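S.K.:
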Amino acid sequence: MKSRRRGPLLENAILDAAWAELAVTGYEGLRMDAVAARAGTSKTVLYRRWPSRVELVLASLRKNSAAPAGAPDKGNLRDDVVAILTWLSDRYQSFPDIMRGIMVELPDVEGNVTQSSVHFMTIAMDRAMVRGEIGPAMPSPRVCRVAMDLTRYEMFVTRKPLQAEAITELVDLIFMPLVSSWSKDALDSLDVEFQVRNTKKPD
93 MKSRRRGPLL ENAILDAAWA ELAVTGYEGL RMDAVAARAG TSKTVLYRRW PSRVELVLAS
153 LRKNSAAPAG APDKGNLRDD VVAILTWLSD RYQSFPDIMR GIMVELPDVE GNVTQSSVHF
213 MTIAMDRAMV RGEIGPAMPS PRVCRVAMDL TRYEMFVTRK PLQAEAITEL VDLIFMPLVS
273 SWSKDALDSL DVEFQVRNTK KPD
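Numbering of the sequence shown is given in our numbering, commencing with residue 93 and proceeding in unit increments.
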């Protein structure tokens, strides 16, 4: 009599089954019932853990593909961002069919798709602030994400990874000037506030 699998043992079996099915059918052909059958479980169990196909695929992708040990640390913000975008592009190139399928359903799973890259970008921005490259205030989340958002958008439209030249152009002509402008505006605001406080007449 086979023992009933639970917890991590069952989860790993399902994720491995999903990965094996992806190799056979591709993203578009992946069916939850086929994954369940290969894993020796039921669709109900799958949907209990992953409410949608794309969430199951993302979990399987994370388990079965190599991920960086940590955020790139090249010593300056510009090179860190280039490294992060290069990683995003390489990830697309390694699994083009899967990544295209995920991007089609991106509006529903944006948080999951961007989790690693957003984490890396947050670390890169924090390091840049410590080094004095940006500040005194952290740019808005939209500004911090703009390089990643543009990278994903271009890969979605062209269905191709970004070349090194395109990544460099995006960082040097869009991201870095935007961050520099934000930092300058923040400094100007502090300067104005300082002057107002020092010219205010005492009561």
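Cβ coordinates follow ideal geometry from the N, Cα and C atoms, glycine included.
The model shown is predicted, which means the values in this text are computed figures rather than measured ones.
Beta-carbon within less than 7 Å of THR260's beta-carbon, same chain only, minus the 5 sequence neighbours each way: which residues are those?
M.R.: Taking the sequence shown and counting its residues from 1, the one referred to as residue 260 is at position 168. The residues are VAL174.
S.K.: Excluding five sequence neighbours on each side, which residues of the same chain lie with their C-beta closer than 8 Å to the C-beta of ALA112?
M.R.: Taking the sequence shown and counting its residues from 1, the one referred to as residue 112 is at position 20. ARG130.
S.K.: Would you kindly work out how many angstroms separate the C-alpha atoms of ALA229 and PHE212, rounded to a whole number?
M.R.: Working through the sequence shown from its first residue, we reach residue 229 at position 137. Working through the sequence shown from its first residue, we reach residue 212 at position 120. Their backbone Cα atoms lie some 19 Å apart in a straight line.
S.K.: Can you tell me where the alpha helix (DSSP H) holding ARG263 begins and where it ends?
M.R.: Taking the first residue of the sequence shown as 1, we reach residue 263 at position 171. It is Val, not Arg, that sits at residue 263 in the sequence shown. From DSSP, VAL263 is part of no alpha helix (DSSP H); its letter is neither H nor E.
S.K.: Return the first residue and the last residue of the alpha helix (DSSP H) that ASP171 is part of.
M.R.: Position 79 of the sequence shown, counting from 1, holds the residue named residue 171. First-last of the alpha helix (DSSP H) with ASP171: 169-186.
S.K.: To the nearest angstrom, how far is it from the Cα of THR136 to the Cα of ALA126?
M.R.: The residue labelled residue 136 in the question sits at position 44 within the sequence shown. The residue labelled residue 126 in the question sits at position 34 within the sequence shown. C-alpha separation (whole angstroms): 13 Å.
S.K.: Flag this pair as touching only if the stretch 140-153 and the stretch 208-222 have three or more C-beta atom pairs under 8 Å; answer yes or no.
M.R.: No, the stretch 140-153 does not touch the stretch 208-222.
S.K.: Can the beta-carbon of PRO253 be found closer than 7 Å to that of SER186?
M.R.: As a working mapping, residue 253 is identified with position 161 in the sequence shown. As a working mapping, residue 186 is identified with position 94 in the sequence shown. For PRO253 and SER186, no; Cβs fall outside 7 Å.
S.K.: Using the three-state DSSP reduction, which class does GLU120 fall into: helix, strand or coil?
M.R.: Here residue 120 refers to the residue found at position 28 when the sequence shown is read from its first residue. Reduced to three states, the DSSP call for GLU120 is helix.
S.K.: Going straight from the alpha carbon of VAL196 to that of ARG97, what length do you get?
M.R.: Residue numbering aside, residue 196 sits at position 104 when the sequence shown is read from its first letter. Residue numbering aside, residue 97 sits at position 5 when the sequence shown is read from its first letter. The straight-line gap from Cα to Cα measures roughly 33 Å.
S.K.: What residue range does the alpha helix (DSSP H) around THR250 cover?
M.R.: For the purposes of this step, residue 250 is identified with residue 158 of the sequence shown, where counting begins at 1. First-last of the alpha helix (DSSP H) with THR250: 233-250.
S.K.: Evaluate SER275 with the Cβ neighbour count: other Cβ atoms within 10 Å of its Cβ, from every protein chain shown; 16 or more gives buried, anything less gives exposed.
M.R.: Counting from one through the sequence shown, the residue named residue 275 turns up at place 183. With 16 or more other Cβ atoms within 10 Å, it is buried.
S.K.: Ends of the alpha helix (DSSP H) at ARG96?
M.R.: Within the sequence shown, numbered from 1, the residue matching residue 96 stands at position 4. Neither: ARG96 is in no alpha helix (DSSP H) and is coded neither H nor E.
S.K.: Let me know if GLY224 comes out buried or exposed under the rule of 16 or more other beta-carbons within 10 Å of its beta-carbon.
M.R.: In the sequence shown, counting from the first residue as 1, residue 224 sits at position 132. Under this definition GLY224 is an exposed residue.
S.K.: Between the Cα of ALA256 and those of MET268, VAL249 and THR243, spot the shortest distance and give me the residue it belongs to.
M.R.: Taking the first residue of the sequence shown as 1, we reach residue 256 at position 164. Nearest option by C-alpha distance: THR243.
S.K.: Using CA coordinates, which residue listed in ARG237, GLY121, CYS236 and ALA258 is at the minimum distance from GLU246?
M.R.: For the purposes of this step, residue 246 is taken as the residue at position 154 of the sequence shown. The option with the nearest alpha carbon to GLU246 is ALA258.
S.K.: Of all the options THR250, ILE190 and ARG219, which has the alpha carbon lying nearest to the alpha carbon of GLU120?
M.R.: Here residue 120 refers to the residue found at position 28 of the sequence shown. Minimum Cα distance to GLU120 is reached at ILE190.
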